[in-house]
Every structure is written in C-alpha cells, then in structure tokens.
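Residue numbers (our numbering): 573 to 1036.
We put the beta carbon where it would ideally sit given N, CA and C, even for glycine.
From a predicted model like this one, the values you see are computed outputs, not experimental measurements.
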C-alpha cells in the first residue's frame, strides 16, 4: 500500500522551500536515506532523503514548486518493492552482454570514418598548397582581381602569406611614415605593383581588422526567458530563493542601520615573509596557507579588546547586547550568491586550526554541503575583495552585527621609513560600522589594533 512522503522540518524559522531538482522518477526503487530531491531555502540548498526504502509510485511536485513543511512530495510503496527492485537491478546487468556484440560491428565502419577524415585532411592540405601559388600572379602589374578579395578572412590569410614573399618591395618615405603611424610591418603588406603604396598599407589594415572582428568573442548570452521591452530584446529570470533573501537582508541593513566606512592600509611585508616561510609546513598537510587565517586571528583578539564591535542592538533599539563569544563570518562567493558561513570561537583557536577550518568552510559553501545552522550566530564578518583584484569598497553590515571588514588586494607602495622611501607590501582595509552605537573613533581604534597585529605578526603568534 502506498504512503505519502512529506517535507520534513528544515530548521528553525524555515516554513517552506523551492524544488531545485527531482533526483528520482516514478517506478524507481530507493533505499532509506537516499536523496529524493534538492531543495532551496532562504539560507541554503539541501537534499531531502527518503525516510524509508521502497518503490516511488508517484511524484507529487515539480521543479520550481514551493513546498511547505509537511507538504506531500512523493508516494512510496514500502512492501515487495524491494524484491522487485532487486530483480530490476539484475536485468540491466544482462543487457550489456547483448550490447557487447554491437560494438564489435562498429570497428568495421570505423575505417570508413577514418578514410573520410583522411580525405578531408588531404583536401585541406591541397587547399593550403594552392594558396601559396596565388601570390605569384600578384607580382605582375596586372593583378587587379587580387585587390577585390579583401573581406573574407581566408583571403586575408592568403594575403598575409603573399606579403611574406614581397618583403623586398620598395616603399617611399611617406609610405614608411604611414606604416609606422598605423603599426604595420611592411614585410607583411601585399602590393599590387613593384612598390608598396599608401593604399596597400590601408588595405592591409582593413583586412587585419576584418580578421580580428571575425575572431572576436560575441559576448555571453544572459540567462532567463527571452522577452522584449520598448527598447528591444531582454531576458527575464526569476530570482532564486537565496538571492531574494540576500536582497531583503541588504535592503533591511541599508534602511535600518546608519552605516559609515573608514578606509586604511596596513603594512603586511613581515607577515607575508612569515607566511611564505611557513607555507611548506602546511603544504605537507594539504592546507594552503593564505593571509586570511592571520587576519581572522588578529580580528578575534581585537574583538575581545573592543567589545562594542562584537555587539548588537536589540530589536527594540534601546539596548546593546555584548557577545562574550567571537564567531566570525567568512563571506564566500559562490555560483548561487554570497554565502557567509561562520567560524565559531575564533578567539580560542590558533592559526593552524583556523587555516584548516577555513578550507572546510569554503569547500562546504561552494559545494552546497553546509547546514543552515552554519550560517547563524556570527558576531563579525570578513569580506575578501582582494581575491578578485579589488582594493577599497563600502561593505554593507550583516545584521544583527554592527561591523564588517573588507580586505583588498595587497600591493607594493612606497613608505617613508627612516628618512627614506622604501617599498612595502600594503593591504587595503575598509570597515563599515553601525553608527548608532559605534563612533568613528571607536571603529578606528579597533582597526588600529588589528593593524598592529598584522604589521607585527610576532605579537599575533604569541596571542592566546
């Protein structure tokens, strides 16, 4: 007898989810805990496993449907489906034996395909052999037809080869000056006479541009269904549940929190030297040591010294809630949007522990294997714009936190040290903060503390 499989509880305050993909079909035999479909919630993408073994009798949802918690998603038949399923699994095992005979006949046809390919290659070689002969008439004064064959890229290639054969053609001072201005190598220019003319140089440029345009990429077709507006063609795509959540959170943050941003730079020359010296030790453990673990540790220590940055404002807006734990959110850029998993108790971990956990966090975020709980409980967030080449920005606070730090791409800059300019590796820092409870001076004192640890990593290594 068939029974219904309903959508189980997905986590606190999650009432529904959107069906991304259905992983089984009607008639499939499934095992207990086998994934049946992939679901997207406000925070994450997660699989929904089967609560029992049996045969899928009916699929009750479609891709794109929004399903509430407790809603029916499949009908499953628990009893004799297992034995039938076993038989069904054995039958396909016999089919490959029958199919093995068919590939044996295939090699007989393969030589024909190879012969065709060889013929095509021979034709291509013949074409290439014919092309070098074309320039020979070009050396004669009456080679007018050659001047007409300039639009096609193939003709342009032939002209380039022809130009190699006319490298000794003479050119006057005006022609040479024009070639220098246009960046043209006269040895590559095809001439219709004994001397290279200005028109020959211009024709060469036109052919080169036509060839470049033919090879230029045509751009990327955006996703979504094709439509049109008053100006022309457009494409319309529904926002994913996760992107809608990001949009609501960012809008809420911008509308309810008065945000201010401070910009600064920190000298990380010594930190980079220590990182490179330690890299081999981490490579042997399969961990790529970046600057981020040092930055997380510096922030964790500084947050303990500046509790106002590790706080939040009550929902009523009349209380400050100081957090005695330090959970740092790490913004990860994924195909589905910006995800901020949380590294918990960062103040209690050393740099090697942080480095390993950061790798696990990033992998889980990009693979979609994290849980909703992994995104909650942050007290401060880091965003790494430098990973894609950016320097400064004004990051938006992730509520209910009161600050966020964006790090940019480190670059060499001259610094005035000991009465002389010296090249130093400087890292850009941008910190946005909730101006309701964090003053500019308090934010800068916190940032100065972070800079002190990064500029003098010896202090950081000795920090508890």
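Classification of residue i by the beta-carbon crowding that lies within 10 angstroms, buried from 16 upward
i            : result
residue 614  : buried
residue 603  : exposed
residue 702  : Only weak support exists for where residue 702 lies, its pLDDT of 42 falling under 50; the value from the coordinates is given anyway. So residue 702 ends up on the exposed side.
residue 620  : buried
residue 741  : buried
residue 655  : With a pLDDT of 41 at residue 655, under the threshold of 50, the modelled position of this residue cannot be trusted, and the question is left open.
residue 792  : exposed
residue 985  : exposed
residue 779  : buried
residue 646  : buried
residue 773  : buried
residue 942  : buried
residue 752  : exposed
residue 612  : buried
residue 680  : Low local confidence applies: a pLDDT of 46 at residue 680 is under 50, so the model's placement there is unreliable, with the coordinate-based value given in what follows. Residue 680 should be labelled exposed.
residue 803  : exposed
residue 826  : exposed
residue 1034 : exposed
residue 877  : exposed
residue 993  : exposed
residue 950  : buried
residue 1013 : exposed
residue 848  : exposed
residue 921  : buried
residue 743  : buried
residue 669  : Confidence at residue 669 is low in this model, with a pLDDT of 48, below 50, so its placement is unreliable and no value can be given for it.
residue 982  : buried
residue 937  : buried
residue 573  : exposed
residue 762  : buried
CB of residue i within 8 angstroms of CB of residue j, strictly
i            : j           : result
residue 1003 : residue 977 : yes
residue 944  : residue 625 : no
residue 1009 : residue 880 : yes
residue 813  : residue 607 : no
residue 956  : residue 864 : yes
residue 834  : residue 987 : no
residue 1026 : residue 747 : no
residue 919  : residue 974 : no
residue 1000 : residue 947 : no
residue 1029 : residue 846 : yes
residue 578  : residue 643 : yes
residue 979  : residue 954 : yes
residue 601  : residue 627 : yes
residue 808  : residue 797 : yes
residue 771  : residue 750 : no
residue 639  : residue 633 : yes
Bridge partners - residue i, DSSP secondary structure assignment
i            : result
residue 932  : Bridge partners of residue 932: none, in fact.
residue 576  : 647
residue 954  : 902 and 977
residue 572  : In the structure as shown, the chain starts at 573 and stops at 1036, and residue 572 therefore has no counterpart that could be examined.
residue 1005 : 832 and 975
residue 743  : 768
residue 589  : 639
residue 983  : 998
residue 757  : Answer is none; residue 757 lacks a bridge partner.
residue 602  : 626
residue 941  : None; residue 941 has no bridge partner.
Contact test: residue i Cβ vs the ligand NAP heavy atom, cutoff 7 angstroms
i           : result
residue 903 : No copy of the ligand NAP occurs in the structure displayed, which carries no ligand at all.
Short CB-CB distance (under 8 angstroms) between residue i and chain B
i           : result
residue 859 : Going by chain labels, chain B is absent from the structure shown, which holds only one protein chain.
Discussion item. Three Cβ pairs or more, each shorter than 8 angstroms: is that satisfied between the segment 861-872 and the segment 915-932?
Written reply: yes
Worksheet entry | Runs of beta strand (DSSP E) wholly within the segment 783-867 (minimum 3 residues, chain order) | 797-800, 805-808 and 831-839
Worksheet entry | the segment 1009-1022 in contact with the segment 896-914 per 3-pair CB rule at 8 angstroms | no
Worksheet item: Given 8 angstroms as the limit, is there contact between the segment 808-820 and the segment 1003-1013, that is, 3 or more CB pairs closer than that?
Response: no
Practice prompt. Specify whether the segment 840-860 and the segment 957-964 touch according to this definition: at least 3 beta carbon pairs, one from each stretch, less than 8 angstroms apart.
Written response: no
Fill in: Whole runs of the beta strand (DSSP E) within the segment 862-909, excluding any shorter than 3 residues
883-885, 892-894, 900-902 and 904-906
Worksheet item: Three or more beta-carbon pairs under 8 angstroms between the segment 777-787 and the segment 929-939, yes or no?
Response: no
Worksheet item: Residue ranges of each alpha helix (DSSP H) run of no fewer than 4 residues wholly in the segment 986-1030, ordered along the chain?
Response: 1012-1027
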